[in-house]
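Encoded as structure tokens, the structure appears first; notes follow it.
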Amino acid sequence: MQPKLSFSSYLVIGVMLFALFFGAGNLIFPAQLGQYAGSNLWLAIIGFLITGVGLPFLGVLAMGFSGSQNLQDLATRIHPVYAVIFTSLLYLTIGPFFAAPRTGAVAYDIGIAPFIAEDYTKIGLLIFTLLFFGLTLWLSLNPAKIVDNVGKILSPGIIILLIGLLVMAIVNPIGAIGSPQDVYADGAFMKGFTEGYNTMDALAALVFGIIVINVLRSMGVTSKRGILAATAKTGAVATAFLALIYVGIAYLGATSVEKFGLFDTGGPVLSEAAAHYLGTFGLVLLAIVIILACLTTAIGLVTACGEYFHTLIPKVSYKMFVIIFTVFCFVVANFGLANIITYSIPVLMFLYPLAVVLMLLTFTSPLFKHARPVYVAATIVAFLISTVDGLKTLCQLLEIDYFGWLAPIITFYENVLPLYKDGLGWLLPVLVVMLITGVIARLTHTETVQS
Numbered sequence: 009m010q011p012k013l014s015f016s017s018y019l020v021i022g023v024m025l026f027a028l029f030f031g032a033g034n035l036i037f038p039a040q041l042g043q044y045a046g047s048n049l050w051l052a053i054i055g056f057l058i059t060g061v062g063l064p065f066l067g068v069l070a071m072g073f074s075g076s077q078n079l080q081d082l083a084t085r086i087h088p089v090y091a092v093i094f095t096s097l098l099y100l101t102i103g104p105f106f107a108a109p110r111t112g113a114v115a116y117d118i119g120i121a122p123f124i125a126e127d128y129t130k131i132g133l134l135i136f137t138l139l140f141f142g143l144t145l146w147l148s149l150n151p152a153k154i155v156d157n158v159g160k161i162l163s164p165g166i167i168i169l170l171i172g173l174l175v176m177a178i179v180n181p182i183g184a185i186g187s188p189q190d191v192y193a194d195g196a197f198m199k200g201f202t203e204g205y206n207t208m209d210a211l212a213a214l215v216f217g218i219i220v221i222n223v224l225r226s227m228g229v230t231s232k233r234g235i236l237a238a239t240a241k242t243g244a245v246a247t248a249f250l251a252l253i254y255v256g257i258a259y260l261g262a263t264s265v266e267k268f269g270l271f272d273t274g275g276p277v278l279s280e281a282a283a284h285y286l287g288t289f290g291l292v293l294l295a296i297v298i299i300l301a302c303l304t305t306a307i308g309l310v311t312a313c314g315e316y317f318h319t320l321i322p323k324v325s326y327k328m329f330v331i332i333f334t335v336f337c338f339v340v341a342n343f344g345l346a347n348i349i350t351y352s353i354p355v356l357m358f359l360y361p362l363a364v365v366l367m368l369l370t371f372t373s374p375l376f377k378h379a380r381p382v383y384v385a386a387t388i389v390a391f392l393i394s395t396v397d398g399l400k401t402l403c404q405l406l407e408i409d410y411f412g413w414l415a416p417i418i419t420f421y422e423n424v425l426p427l428y429k430d431g432l433g434w435l436l437p438v439l440v441v442m443l444i445t446g447v448i449a450r451l452t453h454t455e456t457v458q459s
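Going by my numbering, the sequence shown wraps up at 459, each residue one higher than the last.
In structure tokens:
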């Protein structure tokens, strides 16, 4: 008989999941969205919540529904080689390539930069990230209870501090909401939708979901139905907190432009707001909380990546992987927050459709009797479109002409695929292929993967 967990148990696990999700991107992207969306704030934030909250919730549910032991196990339903490549790329993206270096850059932008003269910004970033990732390395090599304890204290602390700041912003706004900027003027919803990719939480959900499931199993919840129900409840708690904070920070960003002007990233919005409402004390308090929060996130990401790649390549020690990853994070962080965000976009345009398609296949798998060809066909279609999307975005960022072979493909996609210009060109083709191959699989009793 399955134990019935109390509301407090769901709340504790949900807050733990929130702490896993809540990192650098959860602060800076809604703030920047608010600044640039202006009077189109609500359209933009709805789009942002779909990808920034809805997809992570879907990812956690997918892991609970699948019964898989980990992400690589789930992706093996497509092909074992694909599973290794996809899982490795996902870990590198939420780890040393982008998300982990971003923690150091955000901690500096919000916690340290307000106290540093502009002429010393680069040297300040270098010194800070050296100390930040040095401490990350030491604590990742010497796992201690202090990290868990700091995380348990910080999660409620961050929620309380941010909600306090946001309540002040609602009761006494910094300024009036201004006009929408750039693409937010005409395409606020879709811009918000694609901005939600930048949090990387949907990717992380495919990793964090297993952590939640293991906690639930340790509490006696072992049946597939019980795990799915409990995962849904804890996921709802975590994503509700995320949604609340996203909306509040976006509103804070929207009301800050009149007084502070537009920033290149969302980091300075929070520090300026803290100083505005609480003075130097607020600025210092925010700095301490954000730096510690980013540090615990960095340790968690580096540790997870080190453990995964050591399992994948046992000949290389966990210690060596951690050293490599933290040094890489230090180097990337010194390119600055704006550059880290900019160059992560092509990778996310490539990776997100593949992750979402895997989630969709996981939920619909019983309908087509877990037939492997359905998994393969849908993934190939998503891959063909998302690869072009990633390369197109990279060319645009580098301000270069499309590669010779790429231009006609982009033109073809733009003319044929619905929603392609909005970054969702992969969606309808994938659904059509899933439907056709799914019907064929049911009629022909095609080879199945383990459900």
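We put the CB at the ideal spot given by N, CA and C, even for glycine.
Bridge partner(s) assigned by DSSP for residue i
i: Ala237; result: Beta-bridge pairing links Ala237 to no other residue.
i: Ala379; result: Thr456
Cβ of residue i within 7 Å of any chain B Cβ
i: Phe56; result: In the displayed structure, chain B is absent; only one protein chain is listed.
N- and C-terminal bounds of the alpha helix (DSSP H) containing residue i
i: Ile347; result: With the sequence shown as reference, residue 347 is identified as Asn, and Ile is not the correct amino acid for it. Its alpha helix (DSSP H) spans residues Leu345 to Thr372.
i: Asp81; result: Leu79 to Ala83
i: Trp146; result: Thr129 to Leu149
i: Ser47; result: That residue, Ser47, is in no alpha helix (DSSP H); it is neither H nor E in DSSP.
i: Leu19; result: Phe15 to Phe29
i: Asn423; result: Leu414 to Val424
i: Ser96; result: Pro88 to Leu100
i: Phe201; result: Tyr192 to Glu203
i: Pro109; result: Ala107 to Ala115
Simplified DSSP state of residue i, which is helix, strand or coil
i: Ala177; result: helix
i: Leu432; result: coil
i: Val440; result: helix
i: Ser76; result: coil
i: Phe411; result: coil
i: Ala52; result: helix
i: Lys400; result: helix
i: Lys323; result: coil
i: Ser187; result: coil
i: Asn34; result: helix
i: Ile58; result: helix
i: Ile182; result: coil
i: Leu303; result: helix
i: Pro11; result: coil
i: Ala125; result: coil
i: Leu41; result: helix
i: Leu427; result: coil
Neighbour-count burial assignment, residue i, 16 or more Cβ in a 10 Å radius
i: Ala415; result: exposed
i: Phe411; result: exposed
i: Ser16; result: exposed
i: Phe329; result: buried
i: Tyr128; result: exposed
i: Leu174; result: buried
i: Asn462; result: Because the chain here runs from 9 to 459, residue 462 falls outside it and cannot be looked at.
i: Ile164; result: A small fix is needed here, since residue 164 is Pro in this sequence, not Ile. By the 10 Å Cβ count, Pro164 comes out exposed.
i: Ser14; result: exposed
i: Ser76; result: buried
i: Gly269; result: exposed
i: Arg225; result: exposed
i: Trp434; result: buried
Runs of alpha helix (DSSP H) wholly within the region 207-278 (minimum 4 residues, chain order): Listed in chain order, the complete alpha helix (DSSP H) runs (minimum 4 residues) inside the region 207-278 are 209-226 and 232-268.
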